[in-house]
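A.B. asks: Sequence order for the protein chains is A and B.
As numbered in our numbering, residues 7 to 386 make up the first sequence, in order.
As numbered in our numbering, residues 7 to 386 make up the second sequence, in order.
No residue lacks a Cβ here, since even glycine has one placed at the ideal position from N, Cα and C.
Remember, it's a predicted structure, so these values are computed and weren't measured experimentally.
2 protein chains.
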Amino acid sequence: MFEFELLAEDGQSGARAGRFLTPHGEIPTPIFAPVGTSATVKAMRPADLLDLGVRLVLSNTYHLFLRPGDELVRELGGLHQFMGWQGPILTDSGGFQVFSLSKTREIDADGVLFQSHIDGSRHYFTPEKSIQVQENLGADIIMTFDECPPPDDFNYVQESLVRTHAWAARCREAQTRDDQALFGIVQGGIFPSLREESARFLIDLDFPGYAIGGLSVGESKIEMYAMLDLLKSILPIEKPRYLMGVGTAEDLVNGVIQGIDIFDCVLPTRLARHGAAMVKGGRLNLNNAQFAQDSNPIDTSCHCYACSHFSRAYLRHLVLANEILGHILLSTHNLHFLINLMNELREAILNDTVSEYSRDFLKHYPKPEDSLSVGQQTVA
Amino acid sequence: MFEFELLAEDGQSGARAGRFLTPHGEIPTPIFAPVGTSATVKAMRPADLLDLGVRLVLSNTYHLFLRPGDELVRELGGLHQFMGWQGPILTDSGGFQVFSLSKTREIDADGVLFQSHIDGSRHYFTPEKSIQVQENLGADIIMTFDECPPPDDFNYVQESLVRTHAWAARCREAQTRDDQALFGIVQGGIFPSLREESARFLIDLDFPGYAIGGLSVGESKIEMYAMLDLLKSILPIEKPRYLMGVGTAEDLVNGVIQGIDIFDCVLPTRLARHGAAMVKGGRLNLNNAQFAQDSNPIDTSCHCYACSHFSRAYLRHLVLANEILGHILLSTHNLHFLINLMNELREAILNDTVSEYSRDFLKHYPKPEDSLSVGQQTVA
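1) Listing by chain order, which chain A residues have their CB less than 8 angstroms from the CB of S388 (chain B)?
2) In chain A, what lies closer than 9 angstroms to L85 (chain B) by C-beta?
3) Check D76 (chain A) in the structure and name its three-state DSSP category.
4) Excluding five sequence neighbours on each side, which residues of the same chain lie with their C-beta closer than 6 angstroms to the C-beta of F105 (chain A)?
5) Short check: CB of P303 (chain A) to CB of V223 (chain A), under 8 angstroms?
6) Mind checking the stretch 55-84 of chain A against chain B and listing, in chain order, the residues whose C-beta falls within less than 7 angstroms of any C-beta there?
7) Which same chain residues end up closer than 6 angstroms to T110 (chain A) when comparing Cβ atoms and leaving out the 5 residues on each side of it in sequence?
8) I want to check one thing, is the minimum distance from the CB of D16 (chain B) to the heavy atoms of the ligand HEM below 7 angstroms?
9) Applying the 10 Å Cβ sphere with the 16-neighbour rule, what's the burial state of P372 (chain B)?
10) So, helix, strand or coil for P40 (chain B), using DSSP?
11) Just checking my contact of D152 (chain B) with G219 (chain B) at CB under 8 angstroms: how many whole Å lie between their CB atoms?
12) Go to E202 (chain B), then tell me how far its alpha helix (DSSP H) extends in each direction, as first and last residue.
13) Give a yes or no on whether 8 angstroms exceeds the smallest Cβ distance from I113 (chain A) to chain B.
14) By Cβ distance, which residues of its chain are closer than 7 angstroms to G182 (chain B), with the 5 residues on each side in sequence left out?
15) Put F367 (chain B) into one of helix, strand or coil per three-state DSSP.
16) Which residues of chain B have a Cβ atom closer than 7 angstroms to the Cβ of H333 (chain A), listed in chain order?
17) Can you confirm whether Q299 (chain B), when its beta carbon is compared against all beta carbons of chain A, has any partner nearer than 8 angstroms?
18) Let me confirm a value: N66 (chain B) is counted as buried when at least 16 other C-beta atoms fall within 10 Å, else exposed. Which label applies?
19) How big is the Cα-Cα spacing for R178 (chain B) and E256 (chain B)?
20) S361 (chain A) versus chain B: which residues are under 7 angstroms apart at the beta carbon?
21) Within a Cβ cutoff of 6 angstroms, which residues of the same chain sit near R80 (chain B), ignoring the five residues on either side of it in sequence?
22) On the three-state DSSP scale, how would you describe E165 (chain A)?
23) Hey, I355 (chain A) and A21 (chain A): beta-carbon distance below 8 angstroms or not?
24) Going by C-alpha distance, which of B:V163, B:I147, B:L70 and B:N340 is nearest G190 (chain B)?
25) Nearest chain A C-beta to V385 (chain B) closer than 8 angstroms, yes or no?
26) So M149 (chain A) packs on A45 (chain A), CB below 8 angstroms; how close in whole Å?
27) Would the stretch 241-249 of chain A count as touching the stretch 264-279 of chain A if we require 3 or more Cβ pairs under 8 angstroms?
28) Just reading off the beta strand (DSSP E) that T97 (chain A) is part of, what are its end residues?
29) Anything in chain A within Cβ reach of T46 (chain B), meaning under 7 angstroms, just list it in chain order.
30) When the distance is taken between beta carbons, is V163 (chain A) closer than 8 angstroms to F197 (chain A)?
31) Determine the direct distance from the alpha carbon of C271 (chain A) to that of P374 (chain A), and round the result to whole angstroms.
32) Would a check of beta-carbon distances place A49 (chain B) closer than 8 angstroms to chain A?
33) For S239 (chain B), does the count of other Cβ atoms within 10 angstroms reach 16, so buried, or fall short, so exposed?
34) Run the CB neighbour count on T275 (chain B), radius 10 Å, all protein chains shown included, and call it buried at 16 or more, exposed below.
35) Please state the DSSP three-state secondary structure of T67 (chain B).
36) To the nearest angstrom, how far is it from the Cα of N161 (chain A) to the Cα of G117 (chain A)?
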């Protein structure tokens with residue numbers, strides 16, 4: 007179980023294509039995983055995800071712990087059964103949400119005391135608790151409990167790493183199920199020395215895969231890409247690499263050529279709910295009056311259900327009327343856009359044309375020095 | 007065009023099965039039409055409606071006139087093209103919404119001045135305007151502009167009928183397209199004399215179909231059924247009969263055995279958005295704690311997508327988390343429930359077993375004298 011096979015590696019860049027075997031099937035890499043925060047990818051049925059070619063879904067430990075509760079999910083047969091998704095699932099550790107979503111929190115060496123963003127109830131998360139919750143949920147890939155610090159405060163990041171590393175070791179110890187791949191999460195902000203220290207510490211613990219956390223949280227794209235470039239040569243070739251919370255098209259392309267195998271982000275479904283459609287080079291904001299009489303689809307070259315059947319004018323109408331179908335159609339399009347991009351990148355790696363493909367694709371975007379990193383936090 | 011063919015009539019009751027030909031295909035009757043208020047059946051893609059066996063969709067003239075505007079819809083190829091639904095469409099006249107949804111309104115003999123519920127803008131609807139808007143939208147079946155009065159105020163209903171009848175004649179005159187079937191709407195509240203007068207007036211105008219309006223607005227079920235019983239013997243056998251805004255299971259069954267051919271209602275999709283699932287004999291309110299650990303589907307005998315894949319516990323989780331997928335799945339189930347009921351009723355009429363079928367079905371419901379009519383207005 008959890009065999010990771012590399013099928014092709016690009017000589018020029020660090021891009022690689024492979025497959026990762028899990029108890030719920032094979033994940034072709036590189037891959038983008040849509041986020042099903044509360045055991046549902048917002049506005050999508052599992053059947054729709056299959057139609058789109060989704061092969062991995064992420065769900066959030068923090069949210070499911072609070073509602074409906076991980077023990078209930080376990081009693082009902084685990085997360086796959088509960089949400090009706092029989093393919094591979096990845097759960098995060100709850101760390102990111104405890105630090106970004108919950109109300110007042112207190113960190114100590116042992117864990118984090120936090121208040122639910124839903125009802126204000128108080129909870130204490132430790133590494134052991136995070137693993138217990140993730141074992142109850144039963145995803146194929148699970149994560150170590152970590153702290154996601156502000157990326158540019160050296161002293162704080164350094165201090166935080168001590169906790170995150172101790173917690174990673176405790177998660178490794180706490181794991182009791184052998185049908186879940188526990189990934190370690192590399193932290194270290196935007197500081198090469200700390201990132202390298204973090205990677206080497208986790209490599210010593212010998213995890214079956216490595217995640218890169220704490221990026222796409224406000225640092226510049228240059229800073230983010232520098233961390234990926236550094237870690238490319240440190241992380242072991244033979245283990246899958248997962249860049250957490252990254253989901254703009256240009257970041258996926260840049261991530262892939264830096265050797266990343268797995269990505270996830272709420273961006274495509276969150277943008278959809280704000281009326282924005284992802285297209286090569288940027289986004290169409292369908293709230294804009296310029297689309298009021300536009301009989302074209304979002305993208306004439308796109309084959310998704312939305313682009314095959316509906317005009318920008320109709321989509322704009324749905325967005326302005328706040329109709330659920332608007333969320334459904336834009337989520338469908340945005341997910342199709344990223345999944346299609348990943349499929350094309352994988353094909354290009356297998357055909358040894360990924361450098362040309364990436365160069366052509368990135369021509370449509372501003373150079374990294376001109377743009378800030380955008381992730382979950384920065385969506386309008 | 008608009009041929010209405012009766013295939014079977016039940017000797018005991020007034021139930022009948024037939025088919026009504028429209029420019030966008032054949033409508034098998036009796037039929038239930040889901041409501042796509044703003045050119046979308048809420049939470050449903052057109053492909054999903056086809057999968058459910060939907061053969062007629064209703065859309066609202068008042069809403070589309072206000073947003074996105076009927077002229078825009080015409081410029082974009084008409085409502086079928088705009089909303090991506092190539093099957094038959096029925097539009098109401100705007101009358102009901104002008105009286106129930108809009109803010110301040112002033113009625114005179116010529117029409118109604120009203121304020122938009124969206125932005126407070128002022129508009130004047132006349133019979134001619136309603137027809138013009140409906141011709142721009144381009145539905146297969148359109149309606150005369152009527153007033154929907156409080157059903158139990160004899161003097162007001164009598165006075166209102168004068169307007170409604172004059173408006174019906176003006177709508178007949180105003181119609182310029184011959185590819186739309188204009189139905190007259192029988193009003194008259196709960197008063198047999200007024201209902202009969204209204205039906206006879208409209209029959210003289212020789213419409214290709216007749217709607218029964220102003221019911222399911224607060225009167226008792228006994229009163230509603232009495233009006234249907236009366237009109238059964240007055241309305242011409244050879245024209246389709248449409249009971250507006252009625253959509254509880256028991257009302258559909260009672261309507262069918264009183265000779266109704268077409269029904270529409272927001273009830274199944276509105277209940278869905280409130281977390282309620284329609285089942286034989288009533289509703290399951292999935293907000294209730296009793297379903298928290300319930301691994302059964304809504305209905306073990308139901309073959310809809312929701313019942314084939316998900317537990318009540320999962321659906322309850324989606325409802326409590328206000329997830330769009332909850333709206334999608336419950337709308338799917340509720341529409342399937344009513345469409346399946348109509349299919350079974352039609353089969354029973356064709357097999358000459360509709361009396362037994364109806365009797366068995368209605369055993370699961372309280373007798374009419376114990377219950378108030380419930381329609382669009384009374385949903386929790």
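C.D. replies: Well, looking at it:
1) As shown, chain B starts at 7 and ends at 386. That puts residue 388 (chain B) outside it, with no answer to give.
2) Chain A residues near L85 (chain B): none, gap ~10 angstroms exceeds 9 angstroms.
3) helix
4) C154
5) no
6) R73, P74, L78, E81 and L82
7) Within the same chain, T110 (chain A) has close Cβ partners Q121.
8) You won't find the ligand HEM in this model; it holds no ligand whatsoever.
9) exposed
10) strand
11) 6 angstroms
12) P198 to D210
13) no
14) The question names Gly, but residue 182 (chain B) is Thr in the sequence shown. Result list for T182 (chain B): E141, in chain order.
15) helix
16) I330
17) yes
18) buried
19) 34 angstroms
20) Correct list: empty, because the minimum Cβ distance to chain B is about 39 angstroms.
21) N142
22) helix
23) Contact flag set, yes.
24) Measuring C-alpha to C-alpha distances from G190 (chain B) to each of B:V163, B:I147, B:L70 and B:N340 identifies B:I147 as the nearest.
25) For V385 (chain B), the predicted model reports a pLDDT of 32, less than 50, meaning its position is unreliable; a value from the coordinates is still stated below. No, V385 (chain B) does not count as interfacial toward chain A.
26) Incorrect: roughly 17 angstroms between the Cβ atoms, too far for contact.
27) yes
28) I95 to T97
29) L324, E329 and L331
30) yes
31) The alpha-carbon of P374 (chain A) is positioned some 20 angstroms away from that of C271 (chain A).
32) yes
33) exposed
34) buried
35) The answer is helix: DSSP assigns T67 (chain B) an H, G or I state.
36) 20 angstroms
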